[in-house]
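For reference, the structure discussed in these notes is given below.
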Amino acid sequence: MKKIEAIIRKSKFDEVKEALHNVEVNFFSYWDVTGVGNEKEGHVYRGISYSTSEIQRRYLSVVVNDDFVQLTIDAILKSAATDSVGDGKIFILPVEEAYRIRTGEKGGKSLN
Amino acid sequence: METALFTANNVWMMICTALVFFMHLGFSFLEIGLTRQKNAVNILFKNFFVITSGLLLYCLGGFNLMYPGFEEGALGVLKFAGFGIAAPEGGMTIDYAGGGYTWWTDFLFQAMFAATAATIVSGAVAERIKLNSFMIFSILYVGLVYPIIGSWKWGGGFLDRWGFYDFAGSTLVHSVGGWAALIAVYLLGARIGKFGKDGKPNAIPGHNIPLAAAGVLILWLGWFGFNGGSVLSADPELTSLTLVTTCLAAAAGGVSAALFSNLLYKNFDLTMFMNGVLGGLVGITAGADQMGPTDAILIGLIAGIIIVLGISLIDKLKLDDPVGAIAVHLICGIWGTLAVGIFGAMASVDQFISQLIGVGIVGAFSCITAFIILFTIKKTIGLRVDADEELKGLDLMEHGMDAYSDFRLNQH
């Protein structure tokens, strides 16, 4: 079991979700995050120019069985890319154990 | 005059009264839209206080201080006709005010104007003034200063006799509020973070631009009553001319501010567009019944440019005016008053000098009284909230309340 975390553009979220559904990864969590980076947004307010380094992105967290790991990574790589700076990152983490709370099932079965 | 015409006149004046009342919603929306959400409740509280206390004070003594009935031959500087209001003999008949309106309508229409002067100040001092201090200032300024100045012109006092002209209050309402805003902003100091260590101004963007836009359009609508009612009857020619000049100046002010700020800053700034509309409206107010369409458009176009330069000048002077009240109400108020001597039916060198004298005397009196009131408050109970309160927001610290307690924004 692995946890796959991905930071993606908000505008790419629907495509990533569909790509994950297409490889039968149907369950995942996400939340909106703010980060800093090299990207600057120019603003002008009442004659004063200023820029913010705040960057808005969406953070995905998916836990999958080992045989789904590469499928998931490929799906995100393909659907989240625009080829411009700022497309995001993917991280893979090991997961020790997983339980389904309703039935008490554990391991790979709890994920499906 | 027939009763039917008297009734029609009075109905128009009451509609205008309601429109001027509606302007207080416009001011509220504009002020909270152009400031941060942590101070929205505080600003609304001040606006509620200004309109409610303004009406009560005008009833208590303001009306009788502004329209005391100066005797023939008196200089016409200060007279008080007593506390409270009671309709005089014949006040409800055609004989009162030439059949333009009843005495009750007269009181309420003028009362709606009175509160406007303090509301102008409220926007400029937003996000850092102590609520108690603002309320004390507003009571004294609306209760005493505004009616005394008003009596000099509209009450038949010395400025009126000297030929000064101010149709609906570019000077008597807008610059009276604008001068006090200038003094208050100077004594208060800038909001934390407005000017960097190097002295450069920083942008503190307003939190709700759509609300500010609604406020400006509501103010424009209210101006139909502010200027239209200042005809003081439903005179067909004058009311319709006044509405035409008012709307053309507003439109011209907006367009010129939008284009001129784009020329300077390479950006289409909606807040400048909106301030330009207000600048045009304030600019036409002194001579709305004296101008032709071309005059009105020129006054508006120049007002729009004045707005953009004025806002930048105020930043350069290290004054912090979050909503642009000083540029709109003070600078365009002065411009509009002087414009009566330059454009339209009254244009002449003599008139221009009369206008200049009126602007100077009203400005000096407004500044001196506002300074005395605000400086005394500063040295006694203090004008400004402490830094911790300012950073956390006045809503939480003064009112224990959030403007949007269960509301989340969608970030893109």
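Chains as they are written, first to last, in our numbering: chain A, 1 to 112; chain B, 1001 to 1412. Where a beta carbon is used, it is the ideal one built from N, C-alpha and C, also for glycine.
### Query
For residue 1145 of chain B, which residues from the same chain have a beta carbon less than 6 Å from its beta carbon, with the 5 sequence-adjacent residues on both sides left out?
As a first step, residue 1145 of chain B must be located in the second sequence, where it is residue number 145. For residue 1145 of chain B, same chain residues with a beta-carbon under 6 Å away, outside a window of 5 residues either side, are 1369 in chain order.
### Message
For residue 1222 of chain B, which residues in the same chain have their Cβ closer than 7 Å to its Cβ, ignoring the five residues on either side in sequence?
### Response
For the purposes of this step, residue 1222 of chain B is taken as residue 222 along the second sequence, with counting starting at 1. Around residue 1222 of chain B: 1019, 1020, 1022, 1023 and 1026.
### Query
Ordered along the chain, which non-local residues of its own chain (more than five positions away) have a Cβ less than 7 Å from that of residue 1068 of chain B?
Taking the second sequence and counting its residues from 1, one reaches residue 1068 of chain B at position 68. Answer for residue 1068 of chain B: 1079, 1080, 1081, 1151 and 1155, listed in chain order.
### Integer Cβ distance of residue 1207 of chain B from residue 1036 of chain B, believed to fall under 8 Å
Working through the second sequence from its first residue, we reach residue 1207 of chain B at position 207. Working through the second sequence from its first residue, we reach residue 1036 of chain B at position 36. The C-beta distance from residue 1207 of chain B to residue 1036 of chain B rounds to 5 Å, short enough to fall under 8 Å.
### Short-range partners of chain B found in the segment 21 to 44 of chain A, where Cβ spacing is below 8 Å
Within the segment 21 to 44 of chain A, the residues whose Cβ lies closer than 8 Å to some Cβ of chain B are 32, 34, 43 and 44, listed in chain order.
### Length of the line joining the Cα atoms of residue 1228 of chain B and residue 1410 of chain B
Looking up residue 1228 of chain B in the second sequence gives position 228. Looking up residue 1410 of chain B in the second sequence gives position 410. Rounded to the nearest angstrom, the two C-alpha atoms are 42 Å apart.
### Task
Look at the alpha carbon of residue 1219 of chain B and the alpha carbon of residue 111 of chain A, and state the distance between them as a whole number of angstroms.
Working through the second sequence from its first residue, we reach residue 1219 of chain B at position 219. Working through the first sequence from its first residue, we reach residue 111 of chain A at position 111. When rounded, the distance between both Cα atoms is 59 Å.
### Query
Does the segment 67 to 74 of chain A come close enough to the segment 41 to 57 of chain A that 3 or more CB-CB pairs lie under 8 Å?
With contact defined as three or more Cβ pairs closer than 8 Å, the segment 41 to 57 of chain A and the segment 67 to 74 of chain A are not in contact.
### Query
Does the beta-carbon distance from residue 1057 of chain B to residue 1125 of chain B come in below 7 Å?
For the purposes of this step, residue 1057 of chain B is identified with residue 57 of the second sequence, where counting begins at 1. For the purposes of this step, residue 1125 of chain B is identified with residue 125 of the second sequence, where counting begins at 1. Contact flag unset, no.
### Query
Who are residue 1222 of chain B's beta bridge partners in DSSP?
The residue labelled residue 1222 of chain B in the question sits at position 222 within the second sequence. Paired residue(s): none; residue 1222 of chain B is not in a bridge.
### Query
Which class does residue 1290 of chain B belong to by DSSP, given the choice of helix, strand or coil?
Position 290 of the second sequence holds residue 1290 of chain B. It is coil, neither helix nor strand.
### Query
Quick one: any contact between the segment 1281 to 1299 of chain B and the segment 1344 to 1358 of chain B, if contact means 3 or more CB pairs under 8 Å?
Contact between the segment 1281 to 1299 of chain B and the segment 1344 to 1358 of chain B is present: three or more C-beta pairs spanning the two stretches fall below 8 Å.
### Query
If we ignore side chains and look at the alpha-carbon of each, how far apart do residue 1403 of chain B and residue 1015 of chain B end up?
Taking the first residue of the second sequence as position 1, residue 1403 of chain B is located at position 403. Taking the first residue of the second sequence as position 1, residue 1015 of chain B is located at position 15. Distance from the CA of residue 1403 of chain B to the CA of residue 1015 of chain B, rounded to the nearest whole angstrom, comes to 32 Å.
### Query
Are there three or more Cβ pairs, one per stretch, closer than 8 Å when the segment 1038 to 1057 of chain B is compared with the segment 1125 to 1138 of chain B?
Of all C-beta pairs linking the segment 1038 to 1057 of chain B to the segment 1125 to 1138 of chain B, three or more are shorter than 8 Å, placing the two stretches in contact.
### Query
Smallest Cα separation from residue 23 of chain A: which of A/44, A/32, A/96 and A/62?
Position 23 of the first sequence, counting from 1, holds the residue named residue 23 of chain A. Of the residues A/44, A/32, A/96 and A/62, the one whose Cα lies closest to the Cα of residue 23 of chain A is A/62.
### Three-state secondary structure assigned by DSSP to residue 1107 of chain B
Within the second sequence, the letter at position 107 stands for residue 1107 of chain B. In the three-state reduction of the DSSP assignment, residue 1107 of chain B falls in the helix class.
### Query
So who's on the other strand from residue 1022 of chain B, going by DSSP bridges?
Translated into positions along the second sequence, residue 1022 of chain B becomes position 22. Under DSSP, residue 1022 of chain B shares a beta bridge with no residue.
### Task
Measuring only between beta-carbons, confirm whether residue 1114 of chain B sits less than 7 Å from chain D.
No chain D appears in this structure, whose protein chains are A and B.
### Query
Do the segment 1169 to 1185 of chain B and the segment 1366 to 1386 of chain B touch if we need at least three Cβ pairs shorter than 8 Å?
The segment 1169 to 1185 of chain B is in contact with the segment 1366 to 1386 of chain B.
### Task
Within the same chain, show all residues whose beta-carbon is closer than 6 Å to that of residue 977 of chain B, passing over the 5 residues directly before and after it, in chain order.
Residue 977 of chain B lies beyond the range of chain B shown here (1001 to 1412); nothing can be said about it.
#### Entry: Nonlocal neighbours in the same chain, by C-beta distance under 6 Å from residue 1076 of chain B, ignoring five residues either side
Residue 1076 of chain B sits at position 76 when you count from the first residue of the second sequence. For residue 1076 of chain B, where only same-chain residues beyond five positions count, the Cβ hits under 6 Å are 1070, 1157 and 1158.
### Message
As an exercise, report each continuous alpha helix (DSSP H) stretch of at least 4 residues that is fully enclosed by the segment 1268 to 1332 of chain B, in chain order.
### Response
If you keep only unbroken alpha helix (DSSP H) runs of at least 4 residues inside the segment 1268 to 1332 of chain B, you get 1270 to 1285 and 1293 to 1316.
### Query
Just checking, does the segment 1179 to 1187 of chain B make contact with the segment 1369 to 1387 of chain B on the three C-beta pairs under 8 Å criterion?
The segment 1179 to 1187 of chain B vs the segment 1369 to 1387 of chain B: in contact.
### Query
Which value, in whole angstroms, describes the spacing of the CA atoms of residue 116 of chain A and residue 1255 of chain B?
Only positions 1 to 112 of chain A appear in the structure, and residue 116 of chain A is not among them; the question remains open.
### Query
Residues in its own chain within less than 7 Å of residue 1274 of chain B by CB, not counting five upstream and five downstream?
Position 274 of the second sequence holds residue 1274 of chain B. Answer for residue 1274 of chain B: 1212, 1213 and 1216, listed in chain order.
### Message
Just to make sure I have the definition right: I need the residues of chain B whose C-beta is within less than 8 Å of the C-beta of residue 47 of chain A. Which are they?
### Response
Position 47 of the first sequence, counting from 1, holds the residue named residue 47 of chain A. 1261, 1264, 1265, 1269, 1272, 1308, 1311, 1312 and 1315, listed in chain order.
### Message
Going by beta-carbon coordinates alone, are residue 1188 of chain B and residue 1408 of chain B separated by less than 7 Å?
### Response
Translated into positions along the second sequence, residue 1188 of chain B becomes position 188. Translated into positions along the second sequence, residue 1408 of chain B becomes position 408. Here residue 1188 of chain B is not near residue 1408 of chain B, since their CB atoms are 7 Å or more apart.
### Query
Can you name the start and end residues of the beta strand (DSSP E) that residue 59 of chain A belongs to?
Here residue 59 of chain A refers to the residue found at position 59 when the first sequence is read from its first residue. In the DSSP annotation of this structure, the continuous segment of the beta strand (DSSP E) that includes residue 59 of chain A starts and ends at 48 to 64.
### Query
Shortest alpha-carbon distance to residue 1161 of chain B belongs to which of B/1074, B/1093 and B/1183?
Residue numbering aside, residue 1161 of chain B sits at position 161 when the second sequence is read from its first letter. Residue 1161 of chain B has its Cα closest to that of B/1074, out of B/1074, B/1093 and B/1183.
### Message
If contact is defined by three or more beta carbon pairs under 8 Å, each pair taking one atom from either stretch, is the segment 1303 to 1320 of chain B in contact with the segment 1089 to 1105 of chain B?
### Response
Short answer: they don't touch.
### Task
Express the C-alpha separation of residue 6 of chain A and residue 77 of chain A in angstroms, rounding to a whole number.
For the purposes of this step, residue 77 of chain A is taken as residue 77 along the first sequence, with counting starting at 1. For the purposes of this step, residue 6 of chain A is taken as residue 6 along the first sequence, with counting starting at 1. Computed Cα separation, rounded: 10 Å.
### Message
Rounding to the nearest angstrom, what Cα-Cα distance links residue 1202 of chain B and residue 1237 of chain B in this structure?
### Response
As a first step, residue 1202 of chain B is located in the second sequence; it is residue number 202 there, counting from the start. As a first step, residue 1237 of chain B is located in the second sequence; it is residue number 237 there, counting from the start. Roughly 48 Å between the two C-alpha positions.
### Query
residue 59 of chain A touches chain B at which residues, Cβ-Cβ below 9 Å?
Numbered from 1 along the first sequence, position 59 holds the residue referred to as residue 59 of chain A. The premise fails here: residue 59 of chain A is roughly 13 Å from chain B at the closest Cβ pair, so nothing lies under 9 Å.
### Query
The alpha helix (DSSP H) with residue 1140 of chain B in it runs from where to where?
Along the second sequence, one-based indexing puts residue 1140 of chain B at 140. Where residue 1140 of chain B is concerned, the enclosing alpha helix (DSSP H) stretches over 1131 to 1140.
### Message
Output needed for residue 1123 of chain B: all residues of its chain with C-beta closer than 6 Å, excluding positions within five of it in sequence on either side, in chain order.
### Response
Within the second sequence, residue 1123 of chain B is the residue found at index 123, counting from 1. Excluding five sequence positions before and after residue 1123 of chain B, the CB atoms of its chain that fall closer than 6 Å to its own CB belong to 1031, 1323 and 1325, given in chain order.
### Assumed close pair residue 1300 of chain B, residue 1250 of chain B - CB separation to whole angstroms, cut-off 8 Å
Stepping through the second sequence from its first residue, residue 1300 of chain B is reached at position 300. Stepping through the second sequence from its first residue, residue 1250 of chain B is reached at position 250. About 7 Å; that satisfies the 8 Å criterion.
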